[in-house]
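I have placed the structure first, in the form of structure tokens, so that the comments after it can refer back to it.
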Amino acid sequence: DTGVSQDPRHKITKRGQNVTFRCDPISEHNRLYWYRQTLGQGPEFLTYFQNEAQLEKSRLLSDRFSAERPKGSFSTLEIQRTEQGDSAMYLCASSLEAGEQFFGPGTRLTVL
Amino acid sequence: GENVEQHPSTLSVQEGDSAVIKCTYSDSASNYFPWYKQELGKGPQLIIDIRSNVGEKKDQRIAVTLNKTAKHFSLHITETQPEDSAVYFCAASPQGTYKYIFGTGTRLKVLA
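Following this line, the structure appears as structure tokens:
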């Protein structure tokens, strides 16, 4: 399967812990996006990268959130000091230039 | 700010009937409008898209129409089948950015 992959698929953590998610985009895609989706809502944009450069960040991305794409390939999204309100599905997408965004299966985070 | 409204939130149709989902966007500079289908436990999958220089696009049983003046766009599914049952999201991409602003989704149920 050469689609977007995300790891882990599910994460349960206690409030106050740090969590890190990984996204592997489609291999030739230079753009990578992170979205957050809560139950019954559409995905909300968090941030995006062109190669290794983080070019746009949403106001939703508080200082507890950080994303990296160190070599322009895979990306990580870290949430520090998790809160119950961080519980959501975190979706990663990739695209070739401004083309179609292909989404991964998501990482479902539950903060207890 | 940028906003996309989507109606209805749920839609039930008999197999073989048509389904129509409508969206309205706020940013008149938006120039790209994708539609995604999301099945349970999976990431969104693009089913059709339309750019602002086109009024209508069709792909087999699926069509999308765009009214730039009214800032409306709609998804039309004809001859619905049980496998069309899913949540459908519209989105708009504001000019000058590569993020998508998603609607809140429509849960479509096709009754056999």
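Sequences listed follow chains A and B, in order.
All you need for this note's numbering is the position in the first sequence, starting with 1, plus 381.
All you need for this note's numbering is the position in the second sequence, starting with 1, plus 846.
The C-beta atom is built at its ideal place from N, Cα and C for all residues, glycine as well.
Asked, Found
"Within 8 Å (strictly less), CB to CB, does Leu-967 of chain B reach chain A?", "Residue 967 of chain B lies beyond the stretch modelled for chain B, which goes from 847 to 958, so this question has no answer here."
"Scan the region 924 to 952 of chain B for residues whose Cβ lies nearer than 8 Å to a Cβ of chain A and list them as they occur along the chain.", "Phe-935, Ala-937, Thr-943, Tyr-944, Lys-945, Tyr-946, Ile-947, Phe-948, Gly-949, Thr-950 and Gly-951"
"Would you mind stating whether Tyr-1029 of chain B and Asp-895 of chain B have Cβ atoms separated by less than 8 Å?", "Only positions 847 to 958 of chain B appear in the structure, and residue 1029 of chain B is not among them; the question remains open."
"How should Ala-479 of chain A be labelled, buried or exposed, when 16 other C-beta atoms within 10 angstroms of its C-beta is the threshold for buried?", "exposed"
"In this structure, how does DSSP classify Asp-930 of chain B when only helix, strand and coil are distinguished?", "helix"
"Can you say whether Thr-419 of chain A is buried or exposed, counting buried as having 16 or more other CB atoms within 10 angstroms of its CB?", "exposed"
"Using DSSP's beta-bridge definition, name the partner residues of Val-910 of chain B.", "B:Lys-903 and B:Leu-921"
"Can you list, in chain order, the residues of its chain whose CB lies under 6 Å from that of Leu-846 of chain B, leaving out five sequence neighbours each side?", "The question about residue 846 of chain B has no answer, for chain B in this structure spans 847 to 958."
"Quick check: the Cα distance between Arg-396 of chain A and Ile-460 of chain A, rounded to an integer number of angstroms?", "11 Å"
"Would the beta-carbon of Glu-425 of chain A fall within 8 Å of that of Leu-892 of chain B?", "no"
"Between the alpha carbons of Glu-464 of chain A and Pro-486 of chain A, how many angstroms are there, rounded?", "23 Å"
"To the nearest angstrom, how far is it from the Cα of Ser-454 of chain A to the Cα of Asn-432 of chain A?", "7 Å"
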